[in-house]
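K.L.:
The structure follows.
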Amino acid sequence: MIDLRLLRDDPDLFRASQRARGENESSVDRLLSADEARRSAVQRFEGLRAEQKTLGTEIRQAKGDEKTALLERTKQLAAEVKAAEAAGAEAEDELRQAHLAVANLVEPDAPPGGEDDYIVLKEVGVKPEIADPKDHLALGELLGAIDTPRGAKVSGARFYYLTGIGALLENALLQLGIQQAVENGFIPMVPPVLVKPESMEGTGYLGAHASEVYHLPADDLYLVGTSEVPLAAYHKDEILDLDGPRRYVAWSTCFRREAGSYGKDTRGIIRVHQFNKAEMFVFCAPEEAQAEHKRLLAWEEELLGKLELPYRVIDTAAGDLGSSAARKYDCEAWLPSQGRYREVTSTSNCTTFQARRLNIRHRDAEGKSQTVATLNGTLATTRMLVPLLENHQQPDGSVRVPKALQPFLGGRDLLEPIK
RNA sequence: GGAGGGUUCGCCUAGUGGCCGAGGGCGGCGGUCUUGAAAACCGCUAAGGCAGCGAUGUCUUCCAGGGUUCGAAUCCCUGACCCUCCGCCA
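If you read the first sequence in this note's numbering, its first letter stands for residue 1228, the second for the next number, and so on.
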């Protein structure tokens, strides 16, 4: 949710932001009038309620006819108060709906435009020269690392088994990520992956992404598509004592329905219903959010460096931002088999948008409570196996293990085809 | 799945219809005293909305939602969550 005070002061700021996203700016005006309507409803209710309270004390002391007269008056007043309260609740409700409908204020420097209007900030590393590269699935099958037919047999399309060295490799990757984060002061977490509707709503995933989310109707719980959800909700309704950014790194399984992606990335494990991820999540003072965002990006890059992968960093265009994000950077790793870069990490600065929904605050320098900023970023994820296998493949189908991963694989430096 | 108990201000707790947004203890902050500290004593110590330049005023919130009443932390109904016991259990 956006800051209503800022909206009152400068509605054009939000209209411009909505335009940059390619969204309707009428939602801003709807919110403005809902805000106006609520304020007048609240004032009417409060006036009546104050009178009711005053008369209430007078009745206690009154006697005889005087008391009868007062009771007569207050009875009528009680009905008015009730009506005003109902009107207030209705106005409140409309305000909330209108409030939820407005996306976060985009950072002014974010590139305008849609999905294809990203800006490439940099390219890092050297793309390997591989004649006739095998793709990750072919390599995974040679190594006995990935089994998609049996994934489909047991669970359906877009499910897979990681087997043997594949299972070990994923584990190594996530451990490397978590180790790096912990060394940098992150608090490691294993969060729940089933959450209540309010937690899902708080992070904004029941809006435009509702059809992407698995729901368990018998219990009214949702399977999270990212541990961002349980991490953000972790401090719901709390006032934090922050001395610098509060950083968490969570290991979790993620579940995505991938509705509407029929025919896209059907081969291998690029787009799947279930995967694992080490996710960074930060609560910090709003003033620090931009700098922290850069740091999250740097940590993502550091990990890709350790994996010795060629990648580029893109600055996502406003129209391609999630509704909670003010700015988003993606790291895309090079895929030799496709001859292009594919997203492997994504870091978003949600400023105070998420925290306002979840009611998470901290004490500022003057001791006043203030909404915090939240940020998230991918560290390591199952999908990274794809560039890892492809970029480090050898002509015979074996795969070189980057130095940083070797300690997590019992020192192995080469994965060889089984038979 | 069944039976019972519980949910009040950071924590513990008092409070069974108006004097309660709410008392006490602990903790925290400030002060007196002290060379310094401790102890003792004194004071302050929930969040949020609205109006106002401000001082301030006003309203909401005692798990949530409904109800009774002129008036609800307090009475009634529904629900959520927690605890204990029994049953079941990959």
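The C-beta atom is built at its ideal place from N, Cα and C for all residues, glycine as well. Please read these numbers as outputs of a predicted model, since none were measured by experiment.
Over what stretch of residues does the beta strand (DSSP E) that includes glutamate 1559 continue unbroken?
P.N.:
Its beta strand (DSSP E) spans residues 1554 to 1562.
K.L.:
For leucine 1401 versus alanine 1505, is the C-beta distance shorter than 8 Å?
P.N.:
yes
K.L.:
Keeping to the same chain, check which residues put their C-beta closer than 6 Å to that of histidine 1462; ignore five residues upstream and five downstream.
P.N.:
Ile1587
K.L.:
Decide if arginine 1474 is buried, meaning its Cβ has at least 16 other Cβ atoms within 10 Å, or exposed.
P.N.:
Buried, since its Cβ has 16 or more Cβ neighbours within 10 Å.
K.L.:
So who's on the other strand from leucine 1395, going by DSSP bridges?
P.N.:
Bridge partners of leucine 1395: none, in fact.
K.L.:
Which residue or residues does DSSP assign as beta-bridge partners of glycine 1604?
P.N.:
Met1507, Thr1574
K.L.:
Starting from methionine 1416, trace the beta strand (DSSP E) both ways and give me its first and last residue.
P.N.:
1414 to 1416
K.L.:
Which of helix, strand or coil does DSSP assign to aspartate 1374?
P.N.:
Correct three-state label for aspartate 1374: strand.
K.L.:
Could you round the C-beta distance between histidine 1326 and leucine 1233 to whole angstroms and report it? I think they count as a contact, below 8 Å.
P.N.:
Contact flag wrong, Cβ pair sits at about 13 Å.
K.L.:
Run through the DSSP bridge pairs and tell me what alanine 1477 is partnered with.
P.N.:
Met1416, Glu1506
K.L.:
Arginine 1498 to alanine 1314, Cα distance in whole Å?
P.N.:
48 Å
K.L.:
How about the segment 1360 to 1372 and the segment 1390 to 1399: do they share at least three Cβ pairs that are nearer than 8 Å?
P.N.:
At 8 Å Cβ cutoff, the stretches touch.
K.L.:
Excluding sequence positions up to five away, which residues of its chain have a Cβ less than 6 Å from the Cβ of arginine 1197?
P.N.:
Residue 1197 lies beyond the range of the chain shown here (1228 to 1646); nothing can be said about it.
K.L.:
For cysteine 1481, I'd like the list of residues in its chain whose CB is within less than 6 Å of its CB, leaving aside the five on either flank, ordered along the chain.
P.N.:
Gly1452, Thr1453, Phe1502, Lys1504
K.L.:
Going by the DSSP bridge assignment, what does valine 1540 pair with across the sheet?
P.N.:
Lys1349, Cys1558
K.L.:
For the alpha helix (DSSP H) containing leucine 1275, name the first residue and the last one.
P.N.:
1253 to 1288
K.L.:
Assuming glutamate 1519 contacts leucine 1602 under a Cβ cut-off of 8 Å, what Cβ separation, rounded to an integer in Å, is found between them?
P.N.:
6 Å
K.L.:
CB-CB under 6 Å to glycine 1431, same chain, minus the five flanking residues each way: which ones, in chain order?
P.N.:
Ser1550, Ser1551
K.L.:
Buried or exposed: where does proline 1335 fall if 16 or more other Cβ atoms within 10 Å of its Cβ makes it buried?
P.N.:
exposed
K.L.:
Quick check: the Cα distance between alanine 1512 and proline 1472, rounded to an integer number of angstroms?
P.N.:
7 Å
K.L.:
Which residue wins for smallest C-alpha separation from arginine 1246, given the options Glu1455, Glu1312, Pro1338, Gly1283?
P.N.:
Pro1338
K.L.:
Per DSSP, what kind of secondary structure is serine 1551 in: helix, strand or coil?
P.N.:
coil
K.L.:
Would you call histidine 1567 buried or exposed, if buried means 16 or more other Cβ atoms sit within 10 Å of its Cβ?
P.N.:
The sequence shown places arginine at residue 1567, rather than the histidine named in the question. Answer is exposed; the Cβ neighbour count stays below 16.
K.L.:
Among residues of its own chain, excluding the 5 on either side of glutamate 1252, which ones have a beta-carbon nearer than 7 Å to its beta-carbon?
P.N.:
Contacts found: Arg1242, Gln1245, Arg1246.
K.L.:
Keeping to the same chain, check which residues put their C-beta closer than 6 Å to that of alanine 1655; ignore five residues upstream and five downstream.
P.N.:
Since the displayed the chain opens at 1228 and closes at 1646, residue 1655 lies outside it and no answer follows.
K.L.:
Classify serine 1575 as buried or exposed, calling it buried when 16 or more other Cβ atoms lie within 10 Å of its own Cβ.
P.N.:
buried
K.L.:
The alpha helix (DSSP H) spanning histidine 1589 covers which residue range?
P.N.:
Counting along the chain, histidine 1589 falls outside any alpha helix (DSSP H), though it belongs to the beta strand (DSSP E) covering 1588 to 1590.
K.L.:
Report back the beta-carbon spacing between cysteine 1558 and leucine 1534 to the nearest angstrom; my notes put them in contact at under 8 Å.
P.N.:
Incorrect: roughly 11 Å between the Cβ atoms, too far for contact.
K.L.:
Find the nearest neighbour of glutamate 1350 within the set Ala1560, Asp1547, Glu1439, judged by alpha-carbon distance.
P.N.:
Ala1560
K.L.:
Along the beta strand (DSSP E) that carries glutamine 1597, what are the first and last residues, could you check?
P.N.:
1596 to 1598
K.L.:
So who's on the other strand from phenylalanine 1482, going by DSSP bridges?
P.N.:
Gln1501
K.L.:
To which residues of the same chain is alanine 1328 closer than 6 Å at the C-beta, ignoring the five residues directly before and after it?
P.N.:
Ser1254
K.L.:
How many angstroms separate the CA atom of leucine 1641 from the CA atom of arginine 1494?
P.N.:
25 Å
K.L.:
Which value, in whole angstroms, describes the spacing of the CA atoms of valine 1409 and aspartate 1236?
P.N.:
Taking the straight line from one Cα to the other gives about 42 Å.
K.L.:
Would you mind reading off the limits of the beta strand (DSSP E) that contains histidine 1619?
P.N.:
Taken as a continuous stretch (DSSP letters only), histidine 1619 belongs to no beta strand (DSSP E), as it is neither H nor E.
K.L.:
Go ahead and pull the three-state DSSP assignment for isoleucine 1466.
P.N.:
The three-state secondary structure of isoleucine 1466, taken from DSSP, is strand.
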